[in-house]
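*Asks:* Numbering (my numbering), first residue to last: 5 to 272.
Just passing along the structure, written as structure tokens.
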């Protein structure tokens with residue numbers, strides 16, 4: 005059974021106010037380069053760390069989360085800040101409630117590591133579905149592997165263990181709980197930089213940039229590729245020579261259809 009995020013609103017808000025998360029937020033916003041005409045999607049918005057930072061700078065923000073309680077709390081904060089360009093939607097990251105090409109910027113902070121690799125990839129594909137050509141994605145998240153297959157992952161996990169042990173008995177208990185969750189397959193499932201780059205390339209992104217931070221996290225930025233003129237021509241519907249001749253013989257060529265005010269079909 006997944007985590008009941010409705011029970012963790014205050015915990016999420018306290019975490020969002022920590023120095024580390026506020027610094028990560030500022031860096032995500034800087035890399036996003038928000039514009040006044042941007043339509044933004046905040047995936048896994050939580051209590052609004054990114055939403056509230058971006059809303060004053062863009063046209064509209066859609067904050068998406070799987071927790072109704074988180075979104076209720078976010079709405080209270082937007083009302084207090086007198087922000088009228090924020091909407092919320094109860095939805096998950098792998099099935100965004102938006103039309104194709106409806107967003108110019110997608111952001112997320114510490115959301116995707118809660119998904120399996122398969123679901124992360126599905127979520128990325130859906131992000132690029134809703135992004136316009138040239139649209140941007142900026143994601144902050146855990147960026148290592150619990151399997152400790154590389155030096156960075158081993159360093160991150162060793163640092164986490166030392167941090168728990170410095171907390172004394174309470175930290176040791178938390179460490180044991182996390183170890184049990186890991187053994188049961190219930191711990192977070194972060195991906196490393198190599199995985200993110202491959203997934204973004206498969207989804208059709210360009211200008212991929214990945215910055216690993218000193219702690220467990222990293223920031224990814226990329227764009228949805230803009231089709232070349234040749235690719236755009238390939239996507240246009242083609243009319244066969246036979247169809248063109250038939251249209252011409254019946255005086256129903258595209259030019260004639262557009263010019264005519266009559267819906268009657270002329271006799272052949």
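Using N, Cα and C, we set each Cβ at its ideal position, and we do this for glycine too.
1. Ends of the alpha helix (DSSP H) at residue 80?
2. Unbroken beta strand (DSSP E) runs of length 3 or more, entirely within the stretch 199-228: which are they?
3. According to DSSP, is residue 50 part of a helix, a strand, or is it coil?
4. What did DSSP end up calling residue 92 once you bin it into helix, strand or coil?
5. Between the C-alpha atoms of residue 187 and residue 62, what's the straight-line distance to the nearest angstrom?
6. What residues are listed by DSSP as bridge partners for residue 140?
7. Going by DSSP, what residue range makes up the beta strand (DSSP E) through residue 29?
8. Check whether chain B comes within 8 Å of residue 52, counting only Cβ atoms and requiring the distance to be less than that.
9. State yes or no: is the C-beta of residue 99 within less than 8 Å of the C-beta of residue 133?
10. Taking the beta strand (DSSP E) that residue 41 falls in, what are its first and last residues?
11. Three Cβ pairs or more, each shorter than 8 Å: is that satisfied between the stretch 129-145 and the stretch 222-231?
12. Assuming residue 128 contacts residue 96 (C-beta within less than 8 Å), just tell me the rounded distance between them.
13. Quick check on residue 23: buried or exposed, where buried means 16 or more other Cβ atoms within 10 Å of its Cβ?
14. If contact is defined by three or more beta carbon pairs under 8 Å, each pair taking one atom from either stretch, is the stretch 49-57 in contact with the stretch 22-39?
15. Helix, strand or coil: which one does DSSP assign to residue 99?
16. Measure the beta-carbon distance from residue 145 to residue 114 and round it to whole angstroms, keeping in mind my assumption that it falls under 8 Å.
17. Classify residue 8 as buried or exposed, calling it buried when 16 or more other Cβ atoms lie within 10 Å of its own Cβ.
18. Using only the alpha-carbon positions, how far apart do residue 110 and residue 90 sit?
*Replies:* To lay it out plainly:
1. 72-84
2. 209-216, 221-228
3. coil
4. strand
5. Note that residue 187 has pLDDT 48, beneath the 50 cutoff, so the model's placement of it is unreliable and the number below is only indicative. The straight-line gap from Cα to Cα measures roughly 43 Å.
6. 109, 227
7. That residue, residue 29, is in no beta strand (DSSP E); its alpha helix (DSSP H) goes 23-36.
8. Of the protein chains in this structure there is only one, and it is not chain B.
9. no
10. Segment: none, residue 41 is in no beta strand (DSSP E) and carries neither H nor E.
11. yes
12. At roughly 14 Å, the Cβ-Cβ gap does not stay under 8 Å, so residue 128 and residue 96 are not in contact.
13. exposed
14. yes
15. coil
16. 6 Å
17. exposed
18. 14 Å
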